[in-house]
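Following: one structure in structure tokens, then a few remarks.
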DNA sequence: ATGGCGAATATGTATAGACAATTAAAGAGG
DNA sequence: CCTCTTTAATTGTCTATACATATTCGCCAT
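Chains as they are written, first to last, in the working numbering: chain A, 47 to 274; chain B, 47 to 274.
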């Protein structure tokens, strides 16, 4: 067995009763004093357990009123957007990156104004195209990127190892491949593509804006949440 | 101003220094004793701040070694999969649900065996089709669903208000509409669709399995993370 | 009934101290 | 130079206590 800390044990036992439905949404959870007596420990210990549950959104806590099982609201899930290179390798395929264009320019886009490095390229899995990527990187925010060898390392991979982000936004959509996109990916025009548009900021300032167009038949995004 | 608790203030100040790049990934964060002296508070207080940062993945803590700024790994984002009805209404459109078939049956699917309620239907936004949904709900896990009026309330909405989940998985992909799907959605066969397949479990037992096919031009998924 | 007001109560925050667990680093021995 | 052992630094957990803060409840006056 494992010697789980007490606050962890308390947390898990309460969690189990909530998830099993023993304590229905809206039901009252025993107060800190009560649990403290029940487990024979200090209030700080049960407080830590209950605070963790509140942070996870499993319970609502209100002063004077008490602690209650939260009613499920939205399925907020963790979507792990890992590095594409890592993801491909994890699937047992070989990863490749083919940079096509790279130029420094001045962006006029309202969502990312100023000097940018613009990079286009194709991600390959086992030598065949997987996705086309068009990316802008703010050189004002990330001047070091100008010295990076983005022909050897995909920009996403490079950024992941060098720049932390504070805010990010992903938009996921589907579209039919344009003739130009189809040519680059080696598919037929009109074939469905999964498009991911990702913007990241650091402290309010835009860092990068990327469009990735995946060949629909070769890629899907998987988001998981919960116990392993 | 706000009267932020001390541990919150400490957390935010450290967080700011990490995100601004003042403290680079791998750099050492002052130890608890040092911060304790710096802020003139008890160790539990700085511990709470640092623990929160560790929980959020911003720092790594190792006994004897110290606390270090974590190097960014994967962009793990929170993808809010809200209820479709709510989402449509939030966009200022009217929401509608049109159930098409409903039958109790025995599922042979390995990922969801046993007795299930099978529901097909179309989600409407402003009266026009937005997505087709095919759903299985385990009646062993959720017997109450048999008495729910799923013609009036979309099954997703009903489930969200009645059943908590412990584990869930989303798969997001793109595909071309089959003739049958195109007919139901009122689009042309071959038009791109965004497909979301969601499975949820409660304590290891499957609760529901749903396929949602969105008309690509009318819907995209948005995932956000970070400060408002 | 109704609306305001005070008091009881549950949570939130913080302190000071103690011991346990982990493990990097220094030192001892070969 | 390498390996094993010891040491010590640092985080992890827990206690017992105290006061702060928000909010519900009931009392009281209207």
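Even glycine gets a Cβ: it sits at the ideal position worked out from N, Cα and C.
Pick from the options: whose alpha carbon is nearest that of residue i?
| i | options | result |
| --- | --- | --- |
| residue 185 (chain B) | B:175, B:233, B:71, B:252 | B:252 |
| residue 247 (chain B) | B:188, B:232, B:207 | B:188 |
| residue 254 (chain B) | B:262, B:260, B:245, B:261 | B:245 |
| residue 92 (chain B) | B:106, B:60, B:68, B:74 | B:60 |
| residue 232 (chain B) | B:175, B:149, B:259 | B:175 |
| residue 207 (chain B) | A:58, A:116, A:239 | A:116 |
| residue 72 (chain B) | B:238, B:128, B:108 | B:108 |
| residue 84 (chain A) | A:69, A:236, A:56, A:62 | A:56 |
| residue 111 (chain B) | B:76, B:205, B:258 | B:76 |
| residue 178 (chain A) | A:172, A:203, A:212, A:258 | A:258 |
| residue 150 (chain B) | B:235, B:237, B:199, B:163 | B:163 |
| residue 216 (chain A) | B:213, B:214, B:269 | B:269 |
| residue 264 (chain A) | A:89, A:51, A:173, A:82 | A:173 |
| residue 256 (chain A) | A:235, A:214, A:142 | A:214 |
Count the other CB atoms, across all protein chains shown, that sit within 10 Å of the CB of residue i; report buried if there are 16 or more and exposed otherwise.
| i | result |
| --- | --- |
| residue 197 (chain B) | exposed |
| residue 152 (chain B) | exposed |
| residue 262 (chain B) | buried |
| residue 54 (chain B) | exposed |
| residue 155 (chain B) | exposed |
| residue 66 (chain A) | exposed |
| residue 138 (chain A) | exposed |
| residue 168 (chain B) | buried |
| residue 129 (chain A) | buried |
| residue 49 (chain A) | exposed |
| residue 134 (chain A) | buried |
Between which two residues does the beta strand (DSSP E) harbouring residue i extend?
| i | result |
| --- | --- |
| residue 223 (chain B) | Careful: residue 223 (chain B) lies outside any beta strand (DSSP E) and carries neither H nor E. |
| residue 240 (chain A) | 238 to 248 |
| residue 254 (chain B) | 251 to 261 |
| residue 113 (chain B) | 112 to 115 |
| residue 108 (chain B) | 105 to 108 |
Taking Cβ to Cβ, would you say residue i is nearer than 8 angstroms to residue j?
| i | j | result |
| --- | --- | --- |
| residue 241 (chain B) | residue 224 (chain B) | no |
| residue 218 (chain B) | residue 267 (chain A) | yes |
| residue 182 (chain B) | residue 158 (chain B) | yes |
| residue 170 (chain A) | residue 146 (chain A) | no |
| residue 96 (chain B) | residue 78 (chain B) | yes |
| residue 180 (chain A) | residue 166 (chain A) | yes |
| residue 114 (chain A) | residue 58 (chain A) | no |
| residue 64 (chain B) | residue 201 (chain A) | no |
| residue 203 (chain A) | residue 131 (chain A) | yes |
| residue 212 (chain A) | residue 249 (chain A) | yes |
Which first and last residues belong to the alpha helix (DSSP H) in which residue i is found?
| i | result |
| --- | --- |
| residue 91 (chain B) | 89 to 101 |
| residue 52 (chain A) | 52 to 65 |
| residue 83 (chain B) | 78 to 85 |
### Every unbroken alpha helix (DSSP H) inside the segment 123 to 150 of chain B [4 residues or more]
Taking only runs of at least 4 residues, the alpha helix (DSSP H) segments lying wholly in the segment 123 to 150 of chain B are 130 to 136.
#### Entry: Sequence ranges, alpha helix (DSSP H) only - wholly within the segment 160 to 220 of chain A, length at least 4
201 to 208
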